[in-house]
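Using our numbering, the letters of the sequence shown map in sequence onto residues 83 to 218.
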Amino acid sequence: MNTDCYGNKECPVETALGVIGGKYKVVILYHLREKALRFSELQKLIPEATAKTLTKQLRELERDFLISRRVYAIIPPKTEYSLTSLGKTLLPVLANICQWGENYIRERYVLEHNPQRKLITARDSDAPDDGQTPAA
């Protein structure tokens, strides 16, 4: 597999981000990780998403084979969304994103509430990349 993002083949990073890189796509996938959900349930779980945007994101995830849409022939119509087997391969990635987010929230809180730590972090980011100490 070619992992060179500047060669002739598709870049895997660009491909992955192109598929899951919508405003609510990762959140949708995260909510579908345990069970199928109806559109109205997803709306309640993601209240900041407009119906139009949520519909667009769901259609794109379905187009990319990560979720399936099942319509029940009842009145009123019932539609459920669930992860496909391909979508389920993202579960470890989603778990890692969730863990990273939890760590980031904690770390950001510490940095925001500890001015001394901000100074140390800022000083560390000024260090040269070659491992040498900066000239005095």
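Glycine is no exception: its CB is placed at the ideal position from the N, C-alpha and C atoms.
Among VAL192, VAL108, TYR186, which has the Cα closest to the Cα of LYS170? VAL108
So which of PRO158, TYR191, ALA98 has the shortest CA-CA distance to LEU148? ALA98
Burial state of TYR163 (16 or more Cβ within 10 Å): buried
What three-state label does DSSP hand TYR191 in the structure shown? helix
Segments assigned beta strand (DSSP E), at least 3 residues, entirely inside the stretch 122-180: 149-154, 160-165
Is DSSP giving LEU119 helix, strand or coil here? strand
Look at the alpha carbon of GLU116 and the alpha carbon of LEU127, and state the distance between them as a whole number of angstroms. 14 Å
Assuming LEU165 and LEU119 make a contact with CB atoms under 8 Å, what is their CB distance in whole Å? The Cβ separation is near 10 Å, so there is no contact.
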